[in-house]
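A.B. asks: The structure's right below; bear with me while I get my questions together.
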Amino acid sequence: MSALFNDYYLNIAVMTCLWAALSGAWNLMAGYGGLVSLGQSAFFGIGAYITAIVYTKYGLSPWLGLIAGIFVTTGLAVVISWPCFRLRGAFFSLATLVFPIAMEIVANNWSDFTRGPSGIAIPFRPGLDTFIFSSRWAYLIAAFVLMMMVYGITRWMHRGKLGLYLIAVRDDEATAASAGINTVKVKLVVTMISAALTAVGGFFYAQYILFLDPPSVFSIDISVQIALLSIIGGLGTPLGPIVGSLVMTPLDGVLSQFFGGGPRLLIYGVALLAAVLLAPKGIVGTMKAWRRS
Amino acid sequence: MTGTPTQAAAGKELMRASGLVRRFGGLVAVNEVSLSVATSEIVGLIGPNGAGKTSLFNILSGQLKPDSGSVSFSGKDITGASVTICARAGIGRTFQIVKPLTSLTVHENVMVGALLHHPLAAARDKAAEIVRRVGMGPLLERPAGSLTLESRKRLELARALSIEPKILLLDEILAGLNASEINESIHLIRSFAHEDGLAVIMIEHNLHAVMSLADKVVVLDYGRKIAEGKPEAVVRDPAVVAAYLGSDD
Chain A
1 MSALFNDYYL NIAVMTCLWA ALSGAWNLMA GYGGLVSLGQ SAFFGIGAYI
51 TAIVYTKYGL SPWLGLIAGI FVTTGLAVVI SWPCFRLRGA FFSLATLVFP
101 IAMEIVANNW SDFTRGPSGI AIPFRPGLDT FIFSSRWAYL IAAFVLMMMV
151 YGITRWMHRG KLGLYLIAVR DDEATAASAG INTVKVKLVV TMISAALTAV
201 GGFFYAQYIL FLDPPSVFSI DISVQIALLS IIGGLGTPLG PIVGSLVMTP
251 LDGVLSQFFG GGPRLLIYGV ALLAAVLLAP KGIVGTMKAW RRS
Chain B
1 MTGTPTQAAA GKELMRASGL VRRFGGLVAV NEVSLSVATS EIVGLIGPNG
51 AGKTSLFNIL SGQLKPDSGS VSFSGKDITG ASVTICARAG IGRTFQIVKP
101 LTSLTVHENV MVGALLHHPL AAARDKAAEI VRRVGMGPLL ERPAGSLTLE
151 SRKRLELARA LSIEPKILLL DEILAGLNAS EINESIHLIR SFAHEDGLAV
201 IMIEHNLHAV MSLADKVVVL DYGRKIAEGK PEAVVRDPAV VAAYLGSDD
């Protein structure tokens with residue numbers, strides 16, 4: 001009983017760190033560069049699927065899958081960027097929405113590799129080489145490290161050269177260009193970093209949950225959730241995604257335990273609405289404004 | 001900002017525009033305009049509203065591609081080059097409609113440009129130096145979004161300088177300033193040309209400023225160059241008088 005109880009809360013802690021990392025990767029693009037992507041689940045799902053396919057179909061180490069996933073998603077980021085960077089604001093967001101939808105269709109139909117809608121079950125063989133662990137504590141440590149890695153990259157970028165360039169491009173692209181900034185390159189670099197980190201999240205998810213099917217990793221809900229956590233926590237701040245996930249992920253877990261289904265979504269929606277109305281700059285942004293005044 | 005102080009005037013040719021044409025639909029905004037500017041030289045670009053002055057600037061700084069004609073800069077052909085490439089080559093410009101990066105401080109706005117030639121720490125020092133030079137020292141850490149129009153205009157100038165340009169294209173930076181601010185700016189612009197050896201082309205409606213600063217004045221009207229020469233000669237030119245005041249016929 002106590003072990004079950006413990007596992008339940010450990011799972012929430014793991015997912016809090018994972019969501020914070022995914023949202024942090026999105027925050028680099030959207031919070032700093034103004035590239036409000038709704039296609040992050042494409043990177044997430046590809047990272048997860050490649051890990052699972054390399055491991056189950058070819059019997060190779062999932063670590064190889066991780067490396068392959070990073071390569072494929074950064075490559076995809078370049079392909080996606082080409083048409084989407086011409087679009088501004090909401091049009092960019094809508095265009096990026098297409099990619100996870102397309103990926104879900106591919107995953108459903110390319111059965112030789114993905115086993116289609118029935119999904120891939122990953123055999124439980126614990127070990128560091130398989131990145132599968134018997135104890136959830138190991139996953140928690142790994143998820144925490146991943147979260148801190150994203151946080152560290154964001155800190156490093158925040159007010160550094162890339163961060164300043166991204167904010168410049170977000171504020172006014174013409175002004176940025178007249179300062180000699182190659183605006184396309186700056187956007188491309190941040191999209192590739194974001195895609196790679198999101199693929200690492202996908203790798204983690206595959207080896208943690210040990211089961212994948214197309215909707216569980218490519219769903220638009222994931223892309224939206226990734227964005228919401230940063231918006232609630234504070235866009236364009238290194239801590240924002242972590243704070244957002246610390247508040248919302250446990251809330252979501254507790255709500256689904258006590259209510260499930262409809263009431264859960266209703267309460268979650270009200271919490272979201274309250275956050276956006278009361279703290280439009282996110283929790284971190286609002287607290288900063290308080291401290292200043 | 002680059003190189004050593006040079007002798008006033010008599011520099012060597014830095015930028016040359018030849019036969020530039022730019023049409024917008026049926027309107028010829030820039031019509032066969034040629035222009036040259038040397039290092040340490042200040043060129044005043046004047047003309048009635050809608051004469052094509054800003055369009056000409058947009059061509060010279062890469063915002064607009066000309067339909068025909070060419071632009072050379074530092075001996076290289078840069079016709080149709082992008083804004084980024086023009087900026088990297090050393091063309092600094094201000095926008096008539098000021099465009100600060102509103103979520104950054106004054107210091108950071110200027111740092112963005114200084115990063116083109118310096119690593120972070122050096123860019124921070126360089127940017128602070130430029131901000132002080134344009135007289136915005138006390139506003140260094142202010143958010144650019146909270147500045148008055150006058151300060152925003154100075155910030156435009158600081159941003160143009162931040163990339164350490166060889167030429168400055170100044171688009172009505174004196175408009176809206178009071179008399180003492182205009183005098184300060186005149187001294188500042190003169191120092192860019194005579195102490196730093198920059199070439200300057202300035203679009204300006206303030207004729208007092210143009211007369212006291214410009215080595216040469218170019219007058220545009222309906223997209224065409226109607227006069228060019230020493231300031232005193234140009235303002236007496238009948239074609240120029242007609243363009244500003246209307247002709248008798």
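Line by line, the protein sequences give chains A and B.
If you're matching positions, the first sequence starts at 1 in full-length UniProt numbering and goes up one per residue.
If you're matching positions, the second sequence starts at 1 in full-length UniProt numbering and goes up one per residue.
Note that the Cβ used here is the ideal one computed from N, Cα and C, for glycine as well.
Show which residues of chain A have a CB atom less than 7 Å away from the CB atom of M111 of chain B.
C.D. replies: L164
A.B. asks: Three-state secondary structure (DSSP) at residue 263 of chain B?
C.D. replies: With chain B running from 1 to 249 in the structure shown, residue 263 of chain B is simply not present.
A.B. asks: Check whether chain B comes within 7 Å of A30 of chain A, counting only Cβ atoms and requiring the distance to be less than that.
C.D. replies: no
A.B. asks: Keeping to the same chain, check which residues put their C-beta closer than 6 Å to that of G236 of chain A; ignore five residues upstream and five downstream.
C.D. replies: Only residues of its own chain outside the window of five on either side were considered, and among them G31 and Y32 have a CB closer than 6 Å to the CB of G236 of chain A, listed in chain order.
A.B. asks: Nearest chain A C-beta to L149 of chain B closer than 7 Å, yes or no?
C.D. replies: no
A.B. asks: Scan the region 167–192 of chain A for residues whose Cβ lies nearer than 8 Å to a Cβ of chain B and list them as they occur along the chain.
C.D. replies: I167, A168, R170, D171, D172, A174, T175, A176, A177, S178, A179, G180, I181, N182 and T183
A.B. asks: Enumerate in chain order the residues of its own chain whose CB-to-CB distance from G285 of chain A is below 6 Å, with the five nearest sequence positions on each side excluded.
C.D. replies: G234
A.B. asks: Are any of the Cβ atoms in chain A nearer than 7 Å to that of A9 of chain B?
C.D. replies: Residue confidence for A9 of chain B is low, a pLDDT of 47 falling below 50, so the modelled location carries little weight; the figure read from the coordinates is stated next. It does not: the Cβ of A9 of chain B has no partner Cβ on chain A nearer than 7 Å.
A.B. asks: What's the gap between the Cα of R136 of chain A and the Cα of Y9 of chain A?
C.D. replies: Rounded to the nearest angstrom, the two C-alpha atoms are 10 Å apart.
A.B. asks: Would you mind telling me which residues of chain B sit closer than 7 Å to K161 of chain A, beta carbon to beta carbon, in chain order?
C.D. replies: L115 and L120
A.B. asks: 7 Å is my cut-off, CB to CB: does M1 of chain A come that close to chain B?
C.D. replies: Its pLDDT being 46, under 50, M1 of chain A is placed unreliably in this model, and the coordinates cannot settle the point.
A.B. asks: From this set, A:L76, A:R159, A:V14 and A:N108, which residue's C-alpha is nearest T105 of chain B's C-alpha?
C.D. replies: A:R159
A.B. asks: Tell me the DSSP bridge mates of G44 of chain B?
C.D. replies: According to DSSP, which records beta bridges pairwise, G44 of chain B is partnered with B:M202 and B:V217.
A.B. asks: Between L164 of chain A and M111 of chain B, how many whole angstroms is the CB-CB distance? I'm expecting something under 8 Å.
C.D. replies: 6 Å
A.B. asks: Does the beta-carbon of W110 of chain A have 16 or more other beta-carbons within 10 angstroms, so that it is buried, or is it exposed?
C.D. replies: Flag for W110 of chain A reads exposed.
A.B. asks: I need the boundaries of the alpha helix (DSSP H) containing M287 of chain A, first residue and last residue.
C.D. replies: G282 to R292
A.B. asks: Measure the C-alpha to C-alpha separation of D213 of chain A and S194 of chain A and round it to an integer number of angstroms.
C.D. replies: Straight across, the Cα-Cα distance linking D213 of chain A with S194 of chain A is about 23 Å.
A.B. asks: Give me the chain A residues within the contact set of I163 of chain B, using Cβ-Cβ distance strictly less than 9 Å, ordered along the chain.
C.D. replies: Simply S178, A179 and G180.
A.B. asks: Give a yes or no on whether 7 Å exceeds the smallest Cβ distance from A233 of chain B to chain A.
C.D. replies: no
A.B. asks: Specify, as a first and last residue, the run of the alpha helix (DSSP H) that F24 of chain B falls within.
C.D. replies: No alpha helix (DSSP H) holds F24 of chain B; the beta strand (DSSP E) holding it covers E13 to F24.
A.B. asks: Taking only beta-carbon positions, decide if V276 of chain A is within less than 7 Å of chain B.
C.D. replies: With 7 Å as the cut-off, V276 of chain A does not count as an interface residue toward chain B.
A.B. asks: Run through the DSSP bridge pairs and tell me what E228 of chain B is partnered with.
C.D. replies: B:V218
A.B. asks: Roughly how far, in whole angstroms, is the beta-carbon of L101 of chain B from the beta-carbon of A168 of chain A, given that I think they are within contact range, below 8 Å?
C.D. replies: 5 Å
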